[in-house]
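In our numbering, the protein residues as written are 7 to 280.
To start, the structure itself, in structure tokens.
Put into structure tokens, the structure is as follows:
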């Protein structure tokens with residue numbers, strides 16, 4: 007565990023230097039230590055920041071550990087920086103990947119159960135009420151759109167309200183991929199205009215499963231390749247969500263999304279480097 011935490015700090019610090027990040031030298035804790043503690047909480051303590059802070063302090067990994075409230079304020083102040091770090095890491099993973107095949111899908115993260123919707127205080131919007139077709143049930147929360155390499159390493163993600171369609175999320179993803187990349191997704195991403203635009207402007211080929219009434223039917227062998235290739239992303243989702251606690255504790259929507267960011271970044275580091 008100590009070796010993993012040291013590796014997380016080294017990678018985080020190197021990424022911050024690579025993007026030219028600068029901060030006040032008078033700070034008791036630098037941003038690399040703040041982000042490392044948040045990732046450690048996601049990786050080993052189910053997102054519990056208090057336990058992670060106590061562990062880092064007790065094992066003398068961070069001498070000047072901030073108190074809980076100050077740590078949370080500092081963590082919220084670097085939320086955009088964490089997002090930048092992930093996309094910088096994603097760019098590196100795309101460059102070193104030996105495959106141009108990528109997997110695209112989404113998974114829901116409930117803020118609360120349906121029965122508690124009227125008491126939830128984080129958000130008050132019907133837009134966050136979505137439907138899980140595989141479980142035939144509704145949920146109240148966000149939907150994570152995740153783009154991974156063929157080996158299941160996340161390289162891009164975006165948070166959408168629970169009711170947002172996959173096609174809408176597809177337009178929100180940057181899809182900053184090498185020329186000739188192939189993106190495999192299920193039939194929910196069917197949008198012929200987007201397919202044609204990606205192919206013509208970026209030479210990115212969107213390989214989605216075709217519906218029975220689709221105007222662009224695939225031959226059987228092509229359909230088999232799509233099904234076989236994208237099947238692995240379901241395993242990726244189960245691996246990511248296995249580290250989630252039964253309920254993610256947060257006082258604000260921004261804090262909830264920040265913890266989700268940390269879980270995804272922790273999984274990416276663990277899968278790619280640790």
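Quick reminder that beta carbons are idealized off the backbone N, C-alpha and C, glycines included.
For residue i, three-class secondary structure by DSSP
i, result
"residue 213", "strand"
"residue 21", "helix"
"residue 226", "helix"
"residue 26", "coil"
"residue 121", "helix"
"residue 73", "coil"
"residue 33", "coil"
"residue 7", "coil"
"residue 236", "helix"
"residue 191", "strand"
"residue 280", "coil"
"residue 218", "coil"
"residue 244", "helix"
"residue 250", "coil"
Residue i vs residue j beta-carbon contact at 8 Å
i, j, result
"residue 100", "residue 161", "yes"
"residue 111", "residue 239", "yes"
"residue 116", "residue 92", "no"
"residue 173", "residue 202", "no"
"residue 147", "residue 169", "no"
"residue 34", "residue 46", "no"
"residue 11", "residue 67", "yes"
"residue 85", "residue 264", "yes"
"residue 141", "residue 108", "no"
"residue 163", "residue 270", "yes"
"residue 278", "residue 159", "yes"
"residue 185", "residue 200", "no"
"residue 22", "residue 65", "no"
Paired residues, beta bridge with residue i - DSSP
i, result
"residue 154", "109 and 160"
"residue 180", "Residue 180 pairs with nothing; no bridge assigned."
"residue 137", "144"
"residue 149", "114 and 166"
For residue j and residue i, believed in contact at Cβ under 8 Å, the rounded distance
i, j, result
"residue 89", "residue 267", "6 Å"
"residue 13", "residue 249", "In fact, because the Cβ distance is near 17 Å, the residues do not count as touching under 8 Å."
"residue 134", "residue 167", "5 Å"
"residue 87", "residue 37", "6 Å"
>> For the structure I just gave you, are there three or more beta carbon pairs, one from the segment 125-141 and one from the segment 172-187, closer than 8 Å?
In response: no
> With a cut-off of 8 Å, do at least 3 Cβ pairs link the segment 138-156 to the segment 64-73?
Replying inline: no
> Can you find at least 3 beta carbon pairs, one from the segment 253-266 and one from the segment 44-62, that sit closer than 8 Å?
Replying inline: yes
>> Taking contact to mean 3 or more Cβ pairs, one atom from each stretch, closer than 8 Å, check whether the segment 10-20 and the segment 37-44 are in contact.
In response: yes
>> Measuring CB atoms only, is the segment 187-200 touching the segment 229-239, in the sense that at least three cross pairs come out at less than 8 Å?
In response: yes
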